[in-house]
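What follows is a single structure, written as structure tokens, with notes after it.
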Amino acid sequence: MRRESRRQLVPLLLQGVLVQSSETKPVSEFGTNKLKTAKLADKMGIMVTALYDKLVGRGYLELRNGKRTLTDKGREVGGEVEPGKESSFFWPPDLIV
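What follows is the structure, given as structure tokens:
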């Protein structure tokens, strides 16, 4: 491999690593690792719909016009809305529901 082609390949490899790590362990705007709702459900060993029901039951999310929205209580426990996706949420990995 020529030296120039290796230089071109390194940013692509690094970009792939960064994309992969952000999918598995998103970093919130506060700089901490958080999990998407589906990943948190997997960690808890329950279906994602059951977790959503628990999050609504605890008052962390509420239903408005058929859509889930993050409440102030949900923000207080560390919930965040994914930027650009108003019904996708991040949660602390140790969230208790």
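Number 156 in the working numbering belongs to position 81 of the sequence shown; there are no gaps in the numbering. Ideal Cβ positions, reconstructed from N, Cα and C, are used throughout, including at glycine. Note that the structure is predicted; figures quoted are calculated from it, not measured.
Residue burial classification, residue i (beta-carbon count within 10 angstroms, cutoff 16)
i: L138; result: exposed
i: A116; result: buried
i: R143; result: buried
i: T124; result: exposed
i: G149; result: buried
i: G132; result: exposed
i: G120; result: exposed
Residue j beta carbon less than 8 Å from that of residue i
i: G154; j: Y127; result: no
i: F164; j: V152; result: no
i: N108; j: P158; result: no
i: V27; j: L130; result: Past the edges of the chain, shown from 76 to 172, lies residue 27, and the structure says nothing about it.
Opposing strand residues paired with residue i [DSSP bridges]
i: T144; result: E137
i: E157; result: K160
i: L110; result: W166
Best match in the options for proximity to residue i [C-alpha to C-alpha]
i: G141; options: E161, M119, A113; result: E161
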